[in-house]
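Take a look at the structure set out below.
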Amino acid sequence: MALELGKVPAAARARYVAVGRRYSSEQTLQQAHQTLAGLAEHGKVLIGYGFALSDGLRLKEARELLIAAGVGRLSAQGERKETALATLAAKRSAKAARLRAHAVLKAVLEQLEEAGLGSKREAVQSALLQTSFSGDEDEPLARQLDLLRGVLSDSELAKVARDRGGAETVKALAVAADELRKRSAEVVSRGTPAETERLDLIDGIVVQLCRSARRAARVCAKALGQPALATPFELSALDSRPDKPKLPAEPAPVEPAPAP
Numbered sequence: 009m010a011l012e013l014g015k016v017p018a019a020a021r022a023r024y025v026a027v028g029r030r031y032s033s034e035q036t037l038q039q040a041h042q043t044l045a046g047l048a049e050h051g052k053v054l055i056g057y058g059f060a061l062s063d064g065l066r067l068k069e070a071r072e073l074l075i076a077a078g079v080g081r082l083s084a085q086g087e088r089k090e091t092a093l094a095t096l097a098a099k100r101s102a103k104a105a106r107l108r109a110h111a112v113l114k115a116v117l118e119q120l121e122e123a124g125l126g127s128k129r130e131a132v133q134s135a136l137l138q139t140s141f142s143g144d145e146d147e148p149l150a151r152q153l154d155l156l157r158g159v160l161s162d163s164e165l166a167k168v169a170r171d172r173g174g175a176e177t178v179k180a181l182a183v184a185a186d187e188l189r190k191r192s193a194e195v196v197s198r199g200t201p202a203e204t205e206r207l208d209l210i211d212g213i214v215v216q217l218c219r220s221a222r223r224a225a226r227v228c229a230k231a232l233g234q235p236a237l238a239t240p241f242e243l244s245a246l247d248s249r250p251d252k253p254k255l256p257a258e259p260a261p262v263e264p265a266p267a268p
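Counting from 9, one number per residue, gives the positions in the sequence shown under our numbering.
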């Protein structure tokens with residue numbers, strides 16, 4: 009099946025774009041080269057383990073689209089993806105600041121009556137409700153940080169939050185909102201959103217296909233007792249990011265405590 013970007017269903021497109029934003033097109037192109045080289049040697053044996061020949065053809069077509077877009081030749085493409093990665097890091101920092109502000113405000117909420125500030129309860133609850141979700145847009149998230157900062161800057165509420173990290177949280181909210189707006193503006197200034205999204209889409213498709221090939225290769229290598237078979241399919245190009253902005257690490261899953 010030919011890879012027609014315009015016919016990718018909306019839900020799948022959103023998923024691919026979200027994945028593609030995490031990698032530069034130079035990385036995905038290099039990974040596509042590596043995986044396709046592995047498929048040239050082992051592609052037929054992977055069919056029985058979940059990776060179809062048509063998947064390999066889609067990967068080849070995606071690689072050709074990256075090359076046609078100038079990836080590997082035009083530094084501007086890499087600069088746009090660098091900017092997108094920096095924006096993603098700023099967004100994560102903004103969400104972390106929002107979470108911190110919520111923790112402080114919820115602690116404040118519990119102290120309002122004792123502090124004689126029961127009349128402030130509605131304002132605090134409203135701020136928490138209005139900032140519970142911002143979708144995936146940068147400016148709505150930045151405005152939420154502004155709102156939270158405004159509430160925590162209230163002179164009376166600030167007194168209650170003083171020994172609960174209130175002042176530090178106000179500063180963190182201001183820094184995070186400014187950084188998010190700065191990075192968002194840089195994305196807008198570099199190429200059109202449509203161009204960036206198209207590259208993200210192709211990158212996401214490449215990543216998904218390379219992950220699928222690696223999964224099939226690992227299962228196949230174990231079943232056949234040939235561990236070396238999986239080596240060409242490792243995601244070394246995607247895992248190597250020495251020049252990329254460092255994103256905050258995702259929380260590690262909590263292992264359940266062993267039964268006594």
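From the three backbone atoms N, C-alpha and C, an ideal C-beta is built for every residue, glycine too.
Three-state secondary structure (DSSP) of residue i
i	result
Arg30	coil
Ala77	coil
Arg60	Looking at the sequence itself, residue 60 is Ala, so the reference to Arg does not match. Correct three-state label for Ala60: coil.
Ser270	No answer is possible for residue 270: the residues shown for the chain start at 9 and end at 268.
Pro17	coil
Gly46	helix
Leu11	coil
Gly173	coil
Ser140	coil
N- and C-terminal bounds of the alpha helix (DSSP H) containing residue i
i	result
Arg206	Pro201 to Leu232
Glu122	Where Glu122 is concerned, there is no enclosing alpha helix (DSSP H), given that its DSSP letter is neither H nor E.
Arg157	Asp146 to Leu160
Val242	Here residue 242 turns out to be Glu, not Val, going by the sequence shown. Counting along the chain, Glu242 falls outside any alpha helix (DSSP H), and DSSP gives it neither H nor E.
Val163	It is worth fixing the name first, because residue 163 is Ser in this sequence and not Val. Note, Ser163: alpha helix (DSSP H), Ser163 to Ala169.
Spatially closest choice to residue i from the options, by CA coordinates
i	options	result
Leu165	Gly64, Ala18, Gln234 and Gln119	Gln119
Asp206	Leu74, Leu37 and Gln38	Correcting the residue identity first, residue 206 is Arg in this sequence and not Asp. It is Leu74 whose Cα lies nearest to the Cα of Arg206.
Lys114	Ala18, Val159 and Ala94	Val159
Glu72	Asp146, Ala40 and Arg100	Ala40
Ala77	Ala193, Ala150 and Glu34	Glu34
Leu54	Asp247, Leu246, Cys218 and Ala245	Cys218
Thr91	Leu153, Ser32 and Leu107	Ser32
Arg222	Thr43, Arg23, Arg21 and Ala18	Thr43
Phe59	Ala236, Leu188, Cys228 and Ala22	Cys228
Leu155	Pro235, Ala193 and Val132	Val132
Asp186	Phe141, Gly124, Thr95 and Ala224	Thr95
Lys99	Glu122, Phe141, Arg66 and Gly124	Phe141
Ser161	Val112, Ser220 and Gly143	Val112
Cutoff 7 Å; reference residue i; Cβ partners in own chain excluding five residues on either side
i	result
Asp208	Val25, Gly28 and Arg29
Ala184	Ser101, Ala102, Ala105 and Leu153
Cβ-based neighbour list, residue i, same chain, cut-off 6 Å, excluding 5 preceding and 5 following
i	result
Val214	Thr36, Ala40 and Ala70
Gly64	Leu47 and Gly51
Residues of its chain near residue i, where Cβ-Cβ distance is below 8 Å and the 5 sequence neighbours each way are ignored
i	result
Leu13	Leu73, Arg206, Leu209 and Ile210
Ala231	Tyr57
Arg21	Leu209
(request) Tell me, please, whether the stretch 48-65 touches the stretch 228-248 by the rule of three or more beta-carbon pairs shorter than 8 Å. (result) yes
(request) Count the C-beta pairs between the stretch 161-176 and the stretch 116-131 that are closer than 8 Å, then say yes if the count reaches three, no if not. (result) Short answer: they touch.
(message) Pairs of beta-carbons, one from the stretch 167-182 and one from the stretch 132-139, closer than 8 Å: are there three or more?
(response) No, they do not touch.
(message) Quick check: the stretch 105-113 against the stretch 173-192, are at least 3 beta-carbon pairs closer than 8 Å?
(response) Segment contact: the stretch 173-192 against the stretch 105-113, three or more CB-CB distances shorter than 8 Å; contact assigned.
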